[in-house]
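When we follow the working numbering, the leftmost residue of the sequence shown carries the number 8, and every step to the right adds one. Just so it is clear, CB atoms sit at the ideal spot from N, CA and C, and this is done for glycine as well. In what follows, a single structure is set out as structure tokens and then discussed.
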Amino acid sequence: ARALAAGLRRGPGVAALRGRFVACIGPVTAAEARRVGILVAAVAHEPSAAGLLAAVAAAQHMA
8 ARALAAGLRR GPGVAALRGR FVACIGPVTA AEARRVGILV AAVAHEPSAA GLLAAVAAAQ
68 HMA
């Protein structure tokens with residue numbers, strides 16, 4: 008996750024994502040996203056696309 012955050016900081020990635028909501032796989036990745044100023048709407052606890060989609064669906068129902 009830290010390597011991902013470092014890579015985002017080097018490129019235009021973080022600037023493009025700041026102030027936007029994203030979904031992350033895992034609490035560590037979500038914490039890194041928040042640390043660099045990205046808003047986290049959903050966190051998947053199953054490291055798969057299905058887990059990510061389930062987390063997004065759950066977040067949409069809570070809104």
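When DSSP states are grouped into helix, strand and coil, Val-35 belongs to the helix group. For Leu-46, the CB contacts under 6 Å within the same chain, skipping 5 residues up- and downstream, are Phe-28 in chain order. Here the alpha carbons of Ala-65 and Ala-30 stand approximately 11 Å from one another.
It is roughly 24 Å from the alpha-carbon of Pro-54 to the alpha-carbon of Ala-23. Within the DSSP secondary-structure output, Val-29 pairs in a beta bridge with Val-47.
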